[in-house]
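Numbering of the sequence shown is given in the numbering used here, commencing with residue 4 and proceeding in unit increments.
Working notes for the structure below.
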Amino acid sequence: MKFGGTSVQDAAAFARVAEIVAGEGENAPVVVTSAMSKVTDALLAAFELAKKGEVENAVLSLEPHFERHRAVARELLGEAHRRLFAVEMEFAEKELADLLMRVSRRSLPLSMLKDAIVSYGEQLSSRLLTFVCQSKNLNARHADARRLIVTDDEYGSAAPVWDETEKLIRLELRHLIEAGEIPVMGGFIAASRSGETTTLGRGGSDYSAALVGAALDAREIQIWTDVTGVLTSDPRICPEARTLKTLSYEEAAELAYFGAKVLHPKTIQPAVDLRIPVRVCNSHRPAERGTMILPSAQTTTRLVKSIAYKKGITILHISSARMLGAYGFMSAIFQIFERHRTVIDVVTTSEVSVSLTLDNTDSLEAVVRDLQRIASVEIERDQAVVCVVGSGLRDTAGVAGRIFTAIRDFNISLISHGASSVNMTFVVEETVVKDVIKRLHDEFFSAD
Numbered sequence: 004m005k006f007g008g009t010s011v012q013d014a015a016a017f018a019r020v021a022e023i024v025a026g027e028g029e030n031a032p033v034v035v036t037s038a039m040s041k042v043t044d045a046l047l048a049a050f051e052l053a054k055k056g057e058v059e060n061a062v063l064s065l066e067p068h069f070e071r072h073r074a075v076a077r078e079l080l081g082e083a084h085r086r087l088f089a090v091e092m093e094f095a096e097k098e099l100a101d102l103l104m105r106v107s108r109r110s111l112p113l114s115m116l117k118d119a120i121v122s123y124g125e126q127l128s129s130r131l132l133t134f135v136c137q138s139k140n141l142n143a144r145h146a147d148a149r150r151l152i153v154t155d156d157e158y159g160s161a162a163p164v165w166d167e168t169e170k171l172i173r174l175e176l177r178h179l180i181e182a183g184e185i186p187v188m189g190g191f192i193a194a195s196r197s198g199e200t201t202t203l204g205r206g207g208s209d210y211s212a213a214l215v216g217a218a219l220d221a222r223e224i225q226i227w228t229d230v231t232g233v234l235t236s237d238p239r240i241c242p243e244a245r246t247l248k249t250l251s252y253e254e255a256a257e258l259a260y261f262g263a264k265v266l267h268p269k270t271i272q273p274a275v276d277l278r279i280p281v282r283v284c285n286s287h288r289p290a291e292r293g294t295m296i297l298p299s300a301q302t303t304t305r306l307v308k309s310i311a312y313k314k315g316i317t318i319l320h321i322s323s324a325r326m327l328g329a330y331g332f333m334s335a336i337f338q339i340f341e342r343h344r345t346v347i348d349v350v351t352t353s354e355v356s357v358s359l360t361l362d363n364t365d366s367l368e369a370v371v372r373d374l375q376r377i378a379s380v381e382i383e384r385d386q387a388v389v390c391v392v393g394s395g396l397r398d399t400a401g402v403a404g405r406i407f408t409a410i411r412d413f414n415i416s417l418i419s420h421g422a423s424s425v426n427m428t429f430v431v432e433e434t435v436v437k438d439v440i441k442r443l444h445d446e447f448f449s450a451d
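Dropping the structure here:
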């Protein structure tokens, strides 16, 4: 059972989580929690201040968030647990002040210090949630995720070493579960083989839950958030959007990658490997069952399941007459992106050109400079990727016609279809993406 930041944002939310966990008591739950909402951002901001030498301001900026934790403790914990948590808080504040000072002095690699600092969101929330559960008479036991998940040294986005992680999770957690205890751990955080704190990247708490679920061969992995499951579209654009009862792993992965905010793409993989269902639930409405993500799509008359989008996209149009009839040209292009560690989202090709989209443009200048040695490059900024997802899209006649008829008065910059059997992807200008989403949602869902 993984609880996101909005599910543990204040005392009422912590109390709700304890009730939800209590309701699953006989199913031997393991609890994974994110940091309290906004705490990770605050820790990252403090790190940036310390980098500029503003250590005092960095430490002061965290005080309101420490107070939020103390407020939950005051409201929900008895005196004994309050005292224990106060000791934890005091220790964390001192360690953070020391780490921020080290950042200003550059006494250790900044990437290493950044992971150590940002880990305190989950460290504190998981310890606080353990005490809250204990105060509600649950047999909860804190488990340090850094003793369970082993990763490489890629600070900021570490990759788990599965064999070692699986053994540790089983060794540490199975006997607690068999003894009737409920392990509570922080998501997102892990440790390298040398014992240094690492993080799995933003959204990594979902990944932590999937790793634990896979290692323990869980019957179900639950992702508790602030929306009821996966929706047919973004409810901020389409208020009439509704919850999907089921999705396949493939459909969920496409939606996650192309902007649906509910799931982190990596979450799917450990579940896929062992075919463990993933349920997405709403911690504010625990009685509603949310969306179940299953190994394969359920038979349904609906061709389109959901419509996702991702803004802030840049298109690169790469063209060269040298491509015509030549081999190795595509390889040369992709090697440039690999060299600059830049991920490509969508690709289309013709005889003499390649068009592709980028989400992260941190290395754009260097990428373009290298590309221009072998081809001409045109850049289109402020674009948005729209992803229409549903089982059988590639194999069903007329779906593409309905999609593009519905949005016929909008210009399409790029189309990708066929690489996946469950999605059709295209790119429009960012300024019109909301209108495009509304139009498509009306086309495929308004008749219900």
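C-beta atoms are modelled at their ideal positions from N, C-alpha and C, and glycine is treated no differently.
List the whole-angstrom C-beta distance separating residue i from residue j, where the pair is believed to meet the contact cut-off of C-beta under 8 angstroms.
| i | j | result |
| --- | --- | --- |
| residue 144 | residue 171 | Not confirmed; about 16 angstroms, so no contact. |
| residue 387 | residue 296 | Incorrect: roughly 25 angstroms between the Cβ atoms, too far for contact. |
| residue 193 | residue 152 | 4 angstroms |
| residue 214 | residue 168 | 6 angstroms |
| residue 435 | residue 416 | Their Cβ separation, rounded to whole angstroms, is 11 angstroms, which puts residue 435 and residue 416 out of contact at 8 angstroms. |
| residue 208 | residue 159 | The Cβ separation is near 15 angstroms, so there is no contact. |
| residue 176 | residue 163 | Contact doesn't hold; Cβ gap of about 15 angstroms is too wide. |
| residue 148 | residue 155 | That belief does not hold up - the Cβ atoms of residue 148 and residue 155 are roughly 16 angstroms apart, past 8 angstroms. |
| residue 9 | residue 294 | That pair is no contact at about 17 angstroms. |
| residue 195 | residue 203 | Their Cβ separation, rounded to whole angstroms, is 12 angstroms, which puts residue 195 and residue 203 out of contact at 8 angstroms. |
Within its chain, find whatever has a CB closer than 8 angstroms to the CB of residue i; leave out the 5 residues flanking it on each side and keep chain order.
| i | result |
| --- | --- |
| residue 374 | 319, 321, 336, 339, 380 |
| residue 423 | 253, 257, 397 |
Should residue i and residue j be called a contact, given that it needs their Cβ atoms to be closer than 8 angstroms?
| i | j | result |
| --- | --- | --- |
| residue 39 | residue 128 | yes |
| residue 310 | residue 201 | no |
| residue 279 | residue 341 | no |
| residue 352 | residue 190 | no |
| residue 217 | residue 274 | yes |
| residue 68 | residue 89 | no |
| residue 308 | residue 392 | yes |
| residue 134 | residue 84 | yes |
| residue 20 | residue 11 | yes |
| residue 106 | residue 54 | yes |
| residue 240 | residue 259 | no |
| residue 180 | residue 378 | no |
| residue 126 | residue 95 | yes |
| residue 389 | residue 312 | yes |
| residue 124 | residue 249 | no |
In its own chain, which residues sit with a C-beta less than 6 angstroms from the C-beta of residue i, not counting the 5 before and 5 after it?
| i | result |
| --- | --- |
| residue 418 | 429 |
| residue 245 | 235 |
| residue 356 | 322 |
| residue 109 | none |
| residue 314 | 387, 433 |
| residue 87 | none |
In its own chain, which residues sit with a C-beta less than 7 angstroms from the C-beta of residue i, not counting the 5 before and 5 after it?
| i | result |
| --- | --- |
| residue 62 | 100, 103 |
| residue 345 | 361, 363, 366, 370 |
| residue 306 | 393, 395, 396, 399, 402 |
| residue 384 | 317 |
| residue 220 | 277 |
| residue 406 | 391, 427, 443 |
* To do: With a floor of 4 residues, list each alpha helix (DSSP H) that falls wholly inside the segment 180-263, ordered by position along the chain.
  => Complete alpha helix (DSSP H) runs here, min 4: 207-218, 252-260.
* Hey, which unbroken runs of the alpha helix (DSSP H) at 4 residues or more fall wholly within the segment 308-345? -> 332-342
* To do: Could you tell me whether the segment 112-131 touches the segment 45-53, using the rule of 3 or more Cβ pairs below 8 angstroms?
  => yes
* **Touching by the beta-carbon criterion (3+ pairs, under 8 angstroms), the segment 127-142 and the segment 16-25** => yes
* Please confirm if the segment 359-367 is in contact with the segment 401-412, defined as three or more CB-CB distances below 8 angstroms between the two stretches. => Between the segment 359-367 and the segment 401-412 there are fewer than three inter-stretch CB-CB distances shorter than 8 angstroms, so the stretches are not counted as touching.
* Meets three-Cβ-pair contact criterion under 8 angstroms: the segment 232-250 and the segment 275-295 -> yes
* What are the complete alpha helix (DSSP H) segments, minimum 4 residues, inside the segment 370-416? -> 402-409
* Between the segment 75-89 and the segment 7-20, do at least 3 Cβ pairs fall closer than 8 angstroms? -> The segment 75-89 vs the segment 7-20: in contact.
* To do: Note down, one range per segment and in chain order, each alpha helix (DSSP H) of at least 4 residues found wholly within the segment 17-60.
  => Taking only runs of at least 4 residues, the alpha helix (DSSP H) segments lying wholly in the segment 17-60 are 42-54.
* Just list the alpha helix (DSSP H) runs in the segment 81-159, keeping only unbroken ones of 4 residues or longer that don't cross its boundaries, in chain order. => 82-108, 113-121, 123-138
* Output the residue ranges of the beta strand (DSSP E) runs that lie fully inside the segment 266-299 and measure 3 residues or longer, sorted by chain position. => 281-285, 294-297
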